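**Student:**
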Amino acid sequence: MQHPQPRFDSDCPQPRRRDALITSPPAPVSGADNTADHTIEPATAEPPWRQQLRASLGDLPAVRRRRLRSLAPAGAAALQPAAPEGATDARAGAASPRPPSPLLDLASNDYLGLSRDPAVLAAAAAELHASGLGATASRLICGTRPVHLELEQALAAWLGRERVLLFPSGFQANLAAVCALADRHSLVLADRLIHHSLLAGVRASGARLKRFAHNDSADLERLLLSERCDRPEAPLLVLCESLYSMEGSASPLAALAALCARHRVPLLVDEAHALGVLGPCGRGLAHGIASVAIVSGTFGKAFGSGGAFLAGDSLVGDWLLQSSGAFRYTTALAPPLAAGALAALGRIQADPEAASALLERCGRWRDALEAAGWPRPPGEGPILSVRLGDDTAALAAQERLEAAGLLALAIRPPTVPEGTARLRLVLRTGLPSGTLEKLLVALGPGPRLSLASP
Ligand SMILES: Cc1ncc(COP(=O)(O)O)c(C=O)c1O
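Here it is, written out as structure tokens:
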């Protein structure tokens, strides 16, 4: 039976189809007999694969092009942009670059400011000197250090799960998690807005993919029932995030988990953005839901570090250990990062007030944006998504904020669906008072107020 191909959303532009290009003929090979002389004459025309890349890049409209910029940490909650090329400081003379002002950080995922917390830095530095910079091997060869096991045990106890395994990144952990629970015989049912890494996992597993409407458990149930009816024995897997990274909305996890339990289907929850901030004492929104098969977490957000983990029961943990190529065939998480994550966990446990104060502030910002005529950003967590619709409007809003000393990013398709470009505001501890007022002035009145005014 021919299965429909999974729809695969990508954060990246896809190369043009080969047959859409006019390709040049192969460069001539010298000598009458190709087997006798393999000298290739210098090709005058660009090879087809480079033409293909050039054409694909040429297809990208200017408002969709991404660029890398350097932003150095500056103070508690600010980032210092590098001087634009060619900029000069009139006071200091024409040759020296004019340093732009630091920007308040409303863009990073360092929700609790732990990336520069003294206790976290000290723990990472101590491990750096004790263990070295890298783990020097994969976990199953000789790359497991005491700090890896300590962190895995501490996370398991904190989350109330039997087994935790560390990974070098959340992207890799998600890939491993999907491949552990699905294969080419499976159907994966995923929320329409799940992260690219989970989609990459589906593609790597060879499973089919169907999407349910964002946070819509009724739509998930419709898909589950229809699949059970058509192919009662087919293995299924359900994927969601607990706090959506570009939307700021939280998943109806209890309903999704109950549905999955009723249909005896595993549920994989990506808690990347919730851990440390949401759920009881920052333990995430899947905390206490025993039927969740795998929880995925990263240290790249609230933990202020790098690396990631998967948590599950001992059966799932052992299956991952025995079967996952993404766990076995990669250099173990750098020990200083593991030590930093362990110290960050200690800080999160010791100071639950930090997350609750942050969430209170998030509520005040949502109220204020709504009162200023903007649609209330969905959810309750630290990601506030202000919908602008059009790419150009989102980029213009980013620029207005930047002129006011605030860094928040315009998020455009294909990272979000067409027509839903937005400004992604991320709240964090350590923002000075007056930041909200600055933001409201820079943003101006929202569509509700601007339409109402004559
Ligand atoms: C929802 C979600 N899952 C997974 C990841 C990947 O995590 P990491 O940055 O550790 O690779 C990210 C980061 O962008 C994310 O936003």
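Letter by letter, the sequence shown follows residues 14 to 467 in my numbering. For each residue, glycine too, the CB sits at the ideal point set by N, CA and C. Bear in mind that the values here come from a model prediction, so they are computed numbers and not experimental data.
(1) Please classify D331: does DSSP put it in a helix, a strand, or coil?
(2) Taking all protein chains shown into account, decide if T57 is buried (16 or more other Cβ within 10 angstroms of its Cβ) or exposed.
(3) Taking only runs of the beta strand (DSSP E) that begin and end inside the stretch 244-327, which ones reach a length of at least 3 residues, in chain order?
(4) Rounded to whole angstroms, what's the CA-CA distance from V177 to L350? Just pull it up for me.
(5) Considering only residues of the stretch 64-130, which uninterrupted beta strand (DSSP E) runs meet the minimum length of 3 residues and lie entirely inside it, listed in chain order?
(6) Which same chain residues, not among the five before or five after G457, have their C-beta less than 8 Å away from its C-beta?
(7) Three or more beta-carbon pairs under 8 Å between the stretch 332-347 and the stretch 252-270, yes or no?
(8) Does the stretch 198-205 come into contact with the stretch 234-253, if we say contact requires no fewer than three beta-carbon pairs (one atom in each stretch) closer than 8 Å?
(9) Thinking V290 and A368 are a contact (beta carbons under 8 Å), I'd like their distance in whole angstroms, please.
(10) From V42 to Q64, what does the alpha carbon distance come to, in whole angstroms?
(11) Taking just the CA atoms, how far does S210 sit from Q185?
(12) Within this structure, are the beta carbons of L272 and S230 separated by less than 8 Å?
(13) Going by DSSP, what residue range makes up the beta strand (DSSP E) through S398?
(14) Once you ignore the five residues that flank A455 on each side, which residues in its own chain have a CB closer than 6 Å to its CB?
(15) Name the DSSP beta bridge partners of F225, please?
(16) Please classify T174 as buried or exposed, where buried requires at least 16 other C-beta atoms within 10 Å of its C-beta.
(17) For W387, count the other beta carbons within 10 Å of its own beta carbon; 16 or more makes it buried, fewer makes it exposed. Which is it?
(18) Can you say whether S114 is buried or exposed, counting buried as having 16 or more other CB atoms within 10 angstroms of its CB?
(19) Between which two residues does the alpha helix (DSSP H) holding V160 run?
(20) Determine the DSSP secondary structure at L141, reduced to helix, strand or coil.
(21) Under three-state DSSP, which class holds S151?
(22) Under 8 Å, do A381 and L333 count as touching if we go by C-beta distance?
(23) Excluding the five sequence neighbours on either side, which residues of its own chain have a C-beta within less than 7 Å of the C-beta of P365, listed in chain order?
(24) With H, G and I counted as helix, E and B as strand and the rest as coil, what does DSSP make of V177?
(25) Between the C-alpha atoms of K223 and V215, what's the straight-line distance to the nearest angstrom?
(26) Going by Cα to Cα distance, which pick from R425, Y124 and L397 is closest to D403?
(27) Closer than 8 Å is the cut-off here; do at least three beta carbon pairs connect the stretch 147-165 with the stretch 124-134?
(28) Can you tell me whether T344 is helix, strand or coil according to DSSP?
(29) Quick one: what does DSSP say L194 is sitting in, helix, strand or coil?
(30) Rounded to a whole number of angstroms, what is the C-alpha to C-alpha distance between A385 and R400?
(31) Please report the straight-line C-alpha distance between R67 and R79, rounded to a whole angstrom.
(32) Could you give the residue range of the beta strand (DSSP E) that holds L440?
(33) Ordered along the chain, which non-local residues of its own chain (more than five positions away) have a Cβ less than 6 Å from that of G459?
(34) Using a threshold of 8 Å, state whether the C-beta atoms of A357 and S318 are closer than that.
(35) Please report the distance separating the alpha-carbon of A345 from that of A406.
(36) Below 7 Å, is the gap between the Cβ of T149 and the nearest heavy atom of ligand 1?
**Tutor:** Working from what's here:
(1) Position 318 of the sequence shown, counted from the start, is the residue given in the question as residue 331. Correct three-state label for D331: helix.
(2) Working through the sequence shown from its first residue, we reach residue 57 at position 44. Exposed, by the Cβ-count rule.
(3) 249-254, 280-283, 307-311 and 321-325
(4) Along the sequence shown, one-based indexing puts residue 177 at 164. Along the sequence shown, one-based indexing puts residue 350 at 337. C-alpha separation (whole angstroms): 16 Å.
(5) 84-86, 91-94 and 116-118
(6) Sequence index remark: in the sequence shown, residue 457 carries index 444 (1-based). Taken in chain order, the residues that qualify are R413 and S463.
(7) no
(8) yes
(9) The sequence position of residue 290 within the sequence shown is 277, counting from 1. The sequence position of residue 368 within the sequence shown is 355, counting from 1. The Cβ separation is near 5 Å, so the contact holds.
(10) In the sequence shown, residue 42 corresponds to position 29, counting from 1. In the sequence shown, residue 64 corresponds to position 51, counting from 1. Below a pLDDT of 50, predicted positions are generally treated as unreliable, and V42, at 47, falls in that range; the measurement from the model is reported next regardless. The alpha-carbon atoms of V42 and Q64 are separated by roughly 21 Å.
(11) One-based indexing of the sequence shown puts residue 185 at position 172. One-based indexing of the sequence shown puts residue 210 at position 197. The alpha-carbon atoms of Q185 and S210 are separated by roughly 8 Å.
(12) Your numbering for residue 272 matches position 259 in the sequence shown. Your numbering for residue 230 matches position 217 in the sequence shown. The answer is yes: Cβ separation under 8 Å.
(13) For the purposes of this step, residue 398 is taken as the residue at position 385 of the sequence shown. Taken as a continuous stretch (DSSP letters only), the beta strand (DSSP E) holding S398 covers I396 to G402.
(14) As a first step, residue 455 must be located in the sequence shown, where it is residue number 442. Within the same chain, A455 has close Cβ partners R413, L414 and A417.
(15) For the purposes of this step, residue 225 is identified with residue 212 of the sequence shown, where counting begins at 1. DSSP lists D204 as partners of F225.
(16) Against the sequence shown, residue 174 aligns to sequence position 161. The question names Thr, but residue 174 in the sequence shown is Arg. Result: buried.
(17) Sequence index remark: in the sequence shown, residue 387 carries index 374 (1-based). Burial call: buried.
(18) As a first step, residue 114 is located in the sequence shown; it is residue number 101 there, counting from the start. By the 10 Å Cβ count, S114 comes out exposed.
(19) To locate residue 160, count along the sequence shown from 1; it is residue 147. It spans P159 to L172 - the alpha helix (DSSP H) in which V160 sits, taken as one unbroken run.
(20) Reading the sequence shown from its first residue, position 128 is the one you call residue 141. DSSP places L141 in helix when its eight states are reduced to three.
(21) To locate residue 151, count along the sequence shown from 1; it is residue 138. Reduced to three states, the DSSP call for S151 is strand.
(22) Within the sequence shown, numbered from 1, the residue matching residue 381 stands at position 368. Within the sequence shown, numbered from 1, the residue matching residue 333 stands at position 320. No, Cβ-Cβ distance for A381 and L333 is not below 8 Å.
(23) Working through the sequence shown from its first residue, we reach residue 365 at position 352. Taking C-beta separations shorter than 7 Å and ignoring five residues to either side along the sequence, the partners of P365 in its chain run C294 and G295, following chain order.
(24) To locate residue 177, count along the sequence shown from 1; it is residue 164. Shown here, V177 sits in a strand according to DSSP, grouped into three states.
(25) As a first step, residue 223 is located in the sequence shown; it is residue number 210 there, counting from the start. As a first step, residue 215 is located in the sequence shown; it is residue number 202 there, counting from the start. Cα to Cα, the separation comes out at about 10 Å.
(26) By 1-based counting over the sequence shown, the position of residue 403 is 390. Out of R425, Y124 and L397, R425 has the C-alpha closest to the C-alpha of D403.
(27) no
(28) Mapped onto the sequence shown, residue 344 falls at position 331. Note: T344 maps to strand in three-state DSSP.
(29) Here the question's residue 194 lines up with position 181 in the sequence shown. Correct three-state label for L194: helix.
(30) Position 372 of the sequence shown, counted from the first residue, corresponds to residue 385. Position 387 of the sequence shown, counted from the first residue, corresponds to residue 400. Rounded to the nearest angstrom, the two C-alpha atoms are 14 Å apart.
(31) Here residue 67 refers to the residue found at position 54 when the sequence shown is read from its first residue. Here residue 79 refers to the residue found at position 66 when the sequence shown is read from its first residue. Rounded to whole angstroms, R67 to R79 spans 16 Å at the Cα level.
(32) Here the question's residue 440 lines up with position 427 in the sequence shown. First-last for L440: undefined, no H or E at that position.
(33) Sequence index remark: in the sequence shown, residue 459 carries index 446 (1-based). These residues qualify, in order along the chain: A385, G386 and W387.
(34) Residue 357 sits at position 344 when you count from the first residue of the sequence shown. Residue 318 sits at position 305 when you count from the first residue of the sequence shown. A contact, by the Cβ cut-off of 8 Å.
(35) Numbered from 1 along the sequence shown, position 332 holds the residue referred to as residue 345. Numbered from 1 along the sequence shown, position 393 holds the residue referred to as residue 406. Going from the Cα of A345 to the Cα of A406 covers about 43 Å.
(36) Looking up residue 149 in the sequence shown gives position 136. Outside the cutoff, so no.
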